[in-house]
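Q: Structure in structure tokens, see below.
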Amino acid sequence: MTPPGAAQPPGGPSPAPRALEGLRVVEFAVFAAGPMVGKHLGEHGATVVHVESRSRPDGFRVHYPPYKDNVPGLDRTGSFALFNDSKLGVTLNLKHPQGVRVALKFAAWADVLIENFVPGVMARNGLSYEAVSSVNPSIVYLSTCNMGQTGPKAGQRGFGSQLTSQSGFTYLTGYAGGEPMLLFGPYIDFVAVGFGLVAVLAALDCRRRTGQGTYIDLSQYETGLQFITPALLDYETNGRIMTRLGNRSPHAVPHGAYPCRGEDRWCVIAVVSEDEWRALCAAAGRPEWSEDPRFATLAARKSHEDDLDRLVAAWTAERTPQDVMETLQAAGVPGAIVHRLSDLFTDPQLAHRRIWRELPHAVLERFHYEAPPFTLSETPAELRPSPLLGEHNTRVYREILGLTDPEIAQLTAEGAIE
Amino acid sequence: MTLLAPYRVLDLTDAIGWLCARILGDLGADVIKIEPPGGDPGRYLGPFFHDDADAEKSLPWLAYNANKRGVSLSLETAEGRGLLRRLVGSAEFLVESYTPGFLEARGLGYEALRDVNPRLIVTSITPFGQTGPYAHYRGGDLIAMAMSGFMSLIGEPGRPPLRVSLPQAAMWAGMYAAGGTLIAHSYRYVTGRGQHVDVSMQASLLWALANAPAHWSLVREDLSRDGNYIVGRNITGARMRAIYRCRDGHVNFIIYGGEAGKRSNEAMVRWMAEENQAPDWLQHKDWNTFNVATSTQEEIDALERPFVAFLAQRTKAEFVAEAARRGILGYPVADVRDIRDDPQLTARAFWQRVDYPALDAAVTYPGPFARFSAAACAIRRPAPRVGEHNTEIYGAELGLSRPDLETLTRRGII
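Residue numbers (our numbering), protein chains in the order written: chain A, 1 to 418; chain R, 1 to 414.
Spelled out as structure tokens, the structure:
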């Protein structure tokens with residue numbers, strides 16, 4: 001780690017201490033799985049440089065809605081913004097011989113390098129771990145890709161939403177007896193983000209103690225399997241192929257989503273204990289349910305689950321999800337609103353945690369950046385807007401890499417800096 | 001060598017927090033799982049080893065408590081709390097998932113523990129976080145799935161929103177808890193100061209929504225679930241299929257735009273043409289001008305039809321082999337058997353056998369979440385039995401005598 005103050009990100013120095021102040025990160029990474037790791041480091045004070053090029057901009061800048069005013073444009077996409085706040089953005093053409101030379105300067109400067117290309121791409125660009133560690137032996141180098149750097153399928157391509165299916169999540173989602181259901185977006189990319197963040201931080205700890213650099217081979221597929229370990233052990237030990245149950249649970253009845261008043265409004269109720277069951281009956285004003293032998297025990301409720309679900313749905317249908325949640329929670333019963341996307345921006349709990357950080361952006365005007373799900377009491381996250389394409393070229397090439405203005409001008413004229 | 005070997009973690013979580021310390025343990029930390037006498041209630045979550053509902057046989061328990069030693073301890077007695085404070089003196093991390101206020105009421109809140117050990121990092125994992133209007137609401141997987149907005153994006157329109165059948169919220173919270181904990185650890189390395197890391201399950205699941213929140217922020221588009229069609233990829237509102245039925249299940253394949261999509265679409269059409277199942281118009285389609293974001297529903301429906309017919313006659317294995325050979329973007333909708341049999345994982349020596357002498361069995365686990373050149377990330381010990389390491393930790397490490405241990409056991413403290 002280097003002393004604080006080397007290059008202050010936009011917004012100038014901040015009042016609260018930053019946990020990762022002075023940490024230097026360079027990303028040769030696109031879409032979500034790589035860049036989101038850098039985002040979490042950046043929002044805690046690291047100096048993060050996101051490297052793209054005008055001929056090959058980050059894919060989320062190009063063909064992914066939402067666009068500001070529904071008009072496509074490299075600086076107009078919300079997806080790029082959401083995953084790249086708190087960073088500096090530069091353009092560099094890695095296909096250009098001088099581009100590789102500059103990229104190695106970034107590698108020499110950085111404590112952490114993050115890349116998420118298909119295996120082999122970084123090596124073809126002259127930026128393999130061997131090449132990078134020869135200029136910076138103590139670097140922590142994270143390679144995150146679909147299936148890992150080795151093995152017969154290392155080169156197999158596919159989007160994160162598809163890898164989510166390979167990793168078992170799609171098969172495990174759906175109505176009982178029905179088709180598997182698609183999860184929204186590249187679910188697994190974000191699983192890989194959390195594990196990638198952990199991996200980088202653990203390797204940095206090791207480096208502080210030993211001076212040793214680390215290469216990290218992270219297979220997004222293998223991170224996803226950590227989230228379904230009980231299903232894998234069930235197959236190993238019982239030979240069972242776990243499948244779709246709708247919203248039901250073997251351990252709890254009632255346990256599901258129930259319709260509420262309003263268009264496509266729903267609530268959930270998850271009764272885990274007998275105390276909660278009795279409290280639900282009382283709170284719903286249906287004491288007769290708790291005396292009904294069909295519902296007397298978990299096993300009895302399980303055998304009459306359809307009947308009970310109909311009764312519960314009839315009760316919820318006359319109420320708003322908010323009303324159901326407040327009534328049940330006041331009685332100590334786990335009940336909640338099925339939030340629509342728009343509800344997330346008015347949810348008082350998320351507001352209390354300052355999850356949404358509405359910040360100005362030169363093109364998006366105002367955008368809701370998303371704070372991390374953990375709050376550090378001494379060193380809270382501080383988010384800064386995502387960079388425009390090449391926004392920080394001059395500053396980064398001058399102040400971080402120490403290039404002279406004529407050198408920068410020449411690299412630009414040659415097309416290395418685009 | 002392991003990455004976090006010098007550090008001790010006290011794990012006072014139940015099922016919503018297990019994964020955090022499991023991850024730290026995989027990285028080499030010395031994790032001590034502290035359970036109430038009689039055991040963590042999560043030990044009764046099924047499914048069970050050989051379907052035997054026993055406290056030592058819960059598969060979720062075994063899954064997420066490997067790499068931990070186990071002690072029992074009652075926090076309801078002064079002696080028990082004293083023992084915890086002694087353990088805190090020897091630890092760098094404490095992870096807990098009690099209801100907010102539970103530990104404070106017992107004199108074991110963050111400030112009190114910091115007085116014992118100013119370097120301590122305390123990580124709290126709860127449904128909604130330590131403070132705020134819902135901090136005391138009852139939570140759980142389904143509640144977090146609903147309150148994060150995740151469910152509203154999954155399922156058929158007009159039918160109930162869905163969660164994933166295998167609980168996921170605790171996974172997201174535990175994983176992000178480990179990330180936040182290690183950020184705090186970096187700060188401690190520089191300053192010597194610990195801190196309190198407050199993790200919310202609801203907020204952790206927000207990242208499972210990927211870029212959906214940007215749709216609301218930027219264009220006030222309130223995305224909603226659409227079955228097996230991708231939503232939010234198109235500005236005309238057209239639906240694009242992502243799950244195709246095949247002969248023995250389903251595959252995830254998308255007709256895609258951009259340079260990558262063009263190559264994949266062309267490779268798929270070539271395969272279809274070789275099997276005489278690509279209509280002429282499809283073989284001559286110019287993918288350079290195909291734009292997912294601006295295509296209309298009519299265009300997409302017409303385009304999908306031959307792909308639906310073709311894939312319906314193929315198996316998952318055929319699709320996997322041809323996709324790999326031809327560079328088609330897509331993967332099967334795999335079940336656990338497909339995953340267990342995947343040659344990719346075998347080639348990477350992913351699976352790891354863990355011995356359970358008490359079960360007279362070796363259980364094969366999914367292996368490391370990442371491979372590190374500097375160190376191993378692996379399972380080094382099975383999940384503990386209730387109180388399995390009481391003598392080792394309280395006796396050999398804290399120096400309690402055998403009569404002391406017997407007294408504590410008799411009084412139900414350990």
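Where is the CB? At the ideal position from N, CA and C, for every residue including glycine.
Being a predicted model, the structure only gives us computed values, none of them experimental.
If distances are taken between C-alpha atoms only, which option among A:A409, A:R398, A:T394 and A:F374 comes closest to L41 of chain A?
A: Here residue 41 of chain A corresponds to residue number 41 of the first sequence, with the count starting at 1. If we check each option's Cα against that of L41 of chain A, A:F374 comes out closest.
Q: Can you check whether the CB of Q226 of chain A is closer than 9 angstroms to the CB of V191 of chain A?
A: Against the first sequence, residue 191 of chain A aligns to sequence position 191. Against the first sequence, residue 226 of chain A aligns to sequence position 226. Going by C-beta atoms, V191 of chain A is nearer than 9 angstroms to Q226 of chain A.
Q: Under 9 angstroms Cβ-Cβ, which residues of chain A neighbour P384 of chain R?
A: Translated into the one-based positions of the second sequence, residue 384 of chain R becomes position 384. Going along chain A, no residue has its Cβ under 9 angstroms from P384 of chain R, so there is no contact; the nearest lies around 16 angstroms.
Q: Would you grab the beta carbon distance between A370 of chain R and I216 of chain A for me? Rounded to a whole angstrom, and I think it's under 8 angstroms.
A: Residue numbering aside, residue 370 of chain R sits at position 370 when the second sequence is read from its first letter. Residue numbering aside, residue 216 of chain A sits at position 216 when the first sequence is read from its first letter. Confirmed, about 5 angstroms.
Q: At 4 residues or longer, what runs of the alpha helix (DSSP H) sit wholly inside the segment 37-119 of chain R?
A: Here the runs fully enclosed are 59-64, 78-89, 102-105 and 110-116.
Q: I'd like to know if N288 of chain R contacts chain A, where contact means its C-beta is closer than 9 angstroms to some C-beta of that chain.
A: By one-based count along the second sequence, residue 288 of chain R stands at place 288. Chain A contact via Cβ: absent.
Q: H361 of chain A to V37 of chain A, Cα distance in whole Å?
A: Position 361 of the first sequence, counting from 1, holds the residue named residue 361 of chain A. Position 37 of the first sequence, counting from 1, holds the residue named residue 37 of chain A. Rounded to the nearest angstrom, the two C-alpha atoms are 21 angstroms apart.
Q: Grab the span of the alpha helix (DSSP H) containing E274 of chain A for me, first residue to last.
A: Within the first sequence, residue 274 of chain A is the residue found at index 274, counting from 1. First-last of the alpha helix (DSSP H) with E274 of chain A: E274 to A283.
Q: Let me see if you follow: with CB-CB separation under 9 angstroms, is Q313 of chain R close to chain A or not?
A: Locating residue 313 of chain R in the second sequence gives position 313, counting from the first residue. No, no contact with chain A.
Q: Determine whether the Cβ of A309 of chain R lies closer than 9 angstroms to any Cβ atom of chain A.
A: As a working note, residue 309 of chain R is residue 309 in the second sequence. A309 of chain R does not count as touching chain A.
Q: Suppose you measure from the CA of P229 of chain R to the CA of M240 of chain R; what does that come to, to the nearest Å?
A: Taking the second sequence and counting its residues from 1, the one referred to as residue 229 of chain R is at position 229. Taking the second sequence and counting its residues from 1, the one referred to as residue 240 of chain R is at position 240. Here residue 229 of chain R turns out to be Tyr, not Pro, going by the sequence shown. So the alpha carbons of these two residues sit roughly 5 angstroms apart.
Q: Drop a sphere of 10 angstroms on the beta-carbon of R138 of chain R, count the other beta-carbons inside from all chains shown, and report buried for 16 or more, exposed for fewer.
A: On the second sequence, residue 138 of chain R is found 138 positions in, with the first residue counted as 1. It is buried - the Cβ of R138 of chain R has at least 16 other Cβ atoms within 10 Å.
Q: Taking C-alpha atoms, which residue in A:L127, A:G78 and A:E288 lies nearest to L94 of chain A?
A: Counting from 1 along the first sequence, the entry for residue 94 of chain A is found at position 94. Of the listed residues, the one whose Cα sits closest to L94 of chain A is A:L127.
Q: Excluding the 5 residues preceding and the 5 following R106 of chain R in the sequence, name in chain order all residues of the same chain whose CB lies nearer than 7 angstroms to its CB.
A: By one-based count along the second sequence, residue 106 of chain R stands at place 106. Closer than 7 angstroms at Cβ, skipping near neighbours: L75 and R81.
Q: For N234 of chain R, go through chain A and note every residue whose CB falls closer than 9 angstroms to its CB, in chain order.
A: Counting from one through the second sequence, the residue named residue 234 of chain R turns up at place 234. By Cβ distance, chain A contributes P65.
Q: Residues of the segment 334-349 of chain A with a CB closer than 8 angstroms to any CB of chain B: list them in chain order, please.
A: You won't find chain B in this structure, because its protein chains are A and R.
Q: Could you run through the segment 125-136 of chain A and flag, in chain order, every residue whose CB is less than 7 angstroms away from some CB of chain R?
A: Listed by position along the chain: nothing, the set is empty.
Q: Y256 of chain R and F307 of chain R - do their beta-carbons sit closer together than 9 angstroms?
A: As a working note, residue 307 of chain R is residue 307 in the second sequence. As a working note, residue 256 of chain R is residue 256 in the second sequence. No.
Q: Let's see if you can read the secondary structure: which residues bound the alpha helix (DSSP H) around Q156 of chain A?
A: For the purposes of this step, residue 156 of chain A is identified with residue 156 of the first sequence, where counting begins at 1. Here Q156 of chain A belongs to no alpha helix (DSSP H), and DSSP marks it neither H nor E.
Q: Give a yes or no on whether 9 angstroms exceeds the smallest Cβ distance from L303 of chain R to chain A.
A: Counted from its first residue, the second sequence places residue 303 of chain R at position 303. Answer no: the Cβ-Cβ gap between L303 of chain R and chain A never drops below 9 angstroms.
Q: Measuring CA to CA, which of R:D115, R:N67, R:V116 and R:L142 is closest to F128 of chain R?
A: For this step, residue 128 of chain R is matched to residue 128 along the second sequence. Closest by alpha carbon: R:L142.
Q: Under 9 angstroms between beta-carbons, which chain R residues line up against T47 of chain A? List them in chain order, please.
A: Your numbering for residue 47 of chain A matches position 47 in the first sequence. Result: empty, since nearest Cβ-Cβ is about 14 angstroms, beyond 9 angstroms.
Q: Mapping the DSSP letters down to three states, classify P3 of chain A as helix, strand or coil.
A: Indexing the first sequence from 1 puts residue 3 of chain A at position 3. Bear in mind that the predicted position of P3 of chain A carries a pLDDT of just 40, short of 50, making it unreliable; the figure below should be weighed with that in mind. Three-state DSSP puts P3 of chain A in coil, outside helix and strand.
Q: Of all the alpha helix (DSSP H) runs that stay within the bounds of the segment 280-316 of chain A, which reach a length of 4 or more residues?
A: For the segment 280-316 of chain A, whole alpha helix (DSSP H) runs of length 4 or above, ordered along the chain, are 287-291, 298-303 and 305-316.
Q: Check distances from the C-beta atoms of the segment 245-276 of chain A to those of chain R and list, in chain order, the residues that come in under 9 angstroms.
A: Going along the segment 245-276 of chain A in chain order, one finds L245, G246, N247, R248, S249, P250, H251, A252, H255, G256, A257, Y258, P259, D264, W266, C267, V268, I269, A270, V272 and E276 with a Cβ nearer than 9 angstroms to chain R.
Q: Can you round the beta-carbon distance between T294 of chain R and T236 of chain R to whole angstroms, since I take them to be within the 8 angstroms contact cut?
A: Counting from one through the second sequence, the residue named residue 294 of chain R turns up at place 294. Counting from one through the second sequence, the residue named residue 236 of chain R turns up at place 236. Their Cβ separation, rounded to whole angstroms, is 6 angstroms, which keeps T294 of chain R and T236 of chain R in contact under 8 angstroms.
Q: Could you give the residue range of the beta strand (DSSP E) that holds Y141 of chain A?
A: On the first sequence, residue 141 of chain A is found 141 positions in, with the first residue counted as 1. V140 to C145 is the span of the beta strand (DSSP E), which, as asked, contains Y141 of chain A.
Q: Suppose contacts are defined by Cβ-Cβ distances below 9 angstroms. Is L73 of chain R in contact with I413 of chain R by that definition?
A: Here the question's residue 73 of chain R lines up with position 73 in the second sequence. Here the question's residue 413 of chain R lines up with position 413 in the second sequence. Yes. Within cutoff.
Q: Let me know the secondary structure DSSP gives F117 of chain A once reduced to three states.
A: The count along the first sequence starts at 1 and reaches residue 117 of chain A at position 117. Coil.
Q: Check the Cβ of A231 of chain A against every Cβ in chain R and list those closer than 8 angstroms, keeping chain order.
A: Taking the first residue of the first sequence as 1, we reach residue 231 of chain A at position 231. The answer, in chain order, is L166 and V336.
Q: Quick one: what does DSSP say F374 of chain A is sitting in, helix, strand or coil?
A: Position 374 of the first sequence, counted from the first residue, corresponds to residue 374 of chain A. Residue state, collapsed to three classes: strand.
Q: Nearest chain R C-beta to M122 of chain A closer than 9 angstroms, yes or no?
A: Position 122 of the first sequence holds residue 122 of chain A. M122 of chain A does not count as touching chain R.
Q: Can you tell me whether P250 of chain A is buried or exposed, with buried defined as 16 or more other CB within 10 angstroms of its CB?
A: Residue mapping note: residue 250 of chain A aligns to position 250 of the first sequence, counting from 1. The residue in question, P250 of chain A, is exposed, as its Cβ has fewer than 16 Cβ neighbours within 10 Å.
Q: Would you call the CB atoms of L166 of chain R and P230 of chain A closer than 9 angstroms?
A: In the second sequence, the residue the question calls residue 166 of chain R occupies position 166. In the first sequence, the residue the question calls residue 230 of chain A occupies position 230. Result yes, Cβ atoms of L166 of chain R and P230 of chain A sit closer than 9 angstroms.
Q: Check whether the segment 181-188 of chain R touches the segment 106-117 of chain R, counting contact only when three or more Cβ pairs, one atom from each stretch, lie closer than 8 angstroms.
A: Because the criterion of three Cβ pairs below 8 angstroms is not met, the segment 181-188 of chain R and the segment 106-117 of chain R do not touch.
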